[in-house]
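Residue numbers (the working numbering): 3 to 398. All C-beta atoms, glycine included, are put in the ideal place defined by N, C-alpha and C. Scroll down for the structure; my scribbles are underneath it.
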């Protein structure tokens, strides 16, 4: 589990942003701009046009992209209008080395999916504070990451809104005094629909999230409640509570971001406007809260706060996540990999919305689980689950 006592002497002035062109990455740069921070390093995939604009604004010393062709495009795009060109790298191992040895005071990790594991391990080796928005790396090999951080003197602050909320509720407290962790969920765009009604929904329907603006993959995962299932596993890894002590409630207003229940049956909740930037900002300033020029939460405008149990019949992946934790070992990694393949197939029009859960469940039921968690075993579990899920979809 992570350290719940953030170093009060850390006051980042320079940051590295991994995944800077994604949804969380661009919001991270909003906070960098707001707080007047400097940027030492940016990483991105293939979106070189946006990355070029970020380079012109923030003047990083090092930039990493996903391929040699992207590096060439980026050099062409910044050849004019850039006072000083950064070092541009594309080799994966070179990128990991640059992350580990960055001169930044803090690293924000928002590279999505299992592809973010290598970035997470490199960030852990840096000995820096890491603002972690990639849940998949924590789910797949959280203990490895925490061990590296402890050995190198680093620390992690969660950036996921729910886990940021739990972190703030637990900060400086004894976890043994906590009976339960309660994660809130908006319910996504299909709240209240039956399993039969979900058979006809489209990708456009699934991408219309009622509260949060996110990337396509995580938005679909929110619609299936798979994302909340991942968050259950993430909470187990981060906060050291068993899966049966992590509850989920549907909270449509998205005002309470998550809660803890103490042993004496009292609760503590973290509330605020549904804005990811609040979590990003706190990761940089913890244990201090920054003064911001932003709209406040007016409780008199909230009207009411409601809570309901999730429908695990219509949305079975929430319980499948719990099953994967009980299976242990590499099972959660296989779950993530199968879900990535199934969601891609849904967005490509190959399968229907309810088929996502069917293929994920079938894949998880057929995979082999290794209890020896290493970087190699995690990557192997990822590869095998992807191959199996793709083969099942291709036979569909």
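- Residue pairing from DSSP places residue 249 in a beta bridge opposite 184.
- By DSSP's assignment, residue 108 forms a beta bridge with 17, 131.
- Looking at 354, 34, 5, the one whose alpha-carbon comes closest to that of residue 176 is 5.
- Sequence-distant Cβ neighbours of residue 324 in its own chain, meaning closer than 6 Å and more than five residues away, are 245.
- Taking the C-beta atoms as reference points, residue 185 is found no nearer than 8 Å to residue 69.
- Fully enclosed beta strand (DSSP E) runs of no fewer than 3 residues occupy 258-264, 269-273 of the segment 249-293, in order along the chain.
- Three or more pairs of CB atoms, one per stretch, sit closer than 8 Å, so the segment 86-104 contacts the segment 50-62.
- Relative to the Cα of residue 381, the nearest Cα in the group 368, 367, 332, 395 belongs to 332.
- Counting every other CB atom within 10 Å of its CB across the protein chains shown gives residue 165 a total of 16 or more, marking it as buried.
- Here residue 201 is actually not in contact with residue 314; their C-beta atoms are around 17 Å apart, not less than 8 Å.
- Residue 349 and residue 180 have their C-alpha atoms roughly 40 Å apart.
- Between residue 50 and residue 112, the beta carbon gap of about 18 Å keeps them out of contact (Cβ cut-off 8 Å).
- Looking from the CA of residue 28, the closest CA among 13, 14, 45, 15 belongs to 45.
- Judged by their CB atoms, residue 161 and residue 285 are nearer to each other than the 8 Å cut-off.
- Residue 310 carries a strand assignment under DSSP once its states are collapsed to helix, strand and coil.
- Between residue 336 and residue 358, the gap from beta carbon to beta carbon reaches 8 Å or more.
- Counting only residues of its own chain and dropping the five nearest sequence neighbours on each side, residue 42 has a CB closer than 8 Å to the CB of 16, 17, 18, 62, 63, 64, 104, 105, 106.
- Membership of residue 81 in any beta strand (DSSP E) is not indicated, and neither H nor E is assigned to it by DSSP.
- The Cβ neighbour count for residue 265, taken over all protein chains shown within 10 Å, is under 16; the residue is labelled exposed.
- In the DSSP annotation of this structure, the continuous segment of the beta strand (DSSP E) that includes residue 42 starts and ends at 40-45.
- A direct Cα-to-Cα measurement between residue 268 and residue 182 gives close to 10 Å.
- When secondary structure is reduced to three states using DSSP, residue 371 falls in the coil class, being assigned neither helix nor strand.
- With contacts defined as CB atoms closer than 8 Å, residue 375 and residue 151 fail to qualify as a contacting pair.
- Secondary structure of residue 66 (DSSP, three-state): strand.
- Annotation for residue 334: no beta strand (DSSP E) segment contains it, though the alpha helix (DSSP H) segment containing it runs 333-349.
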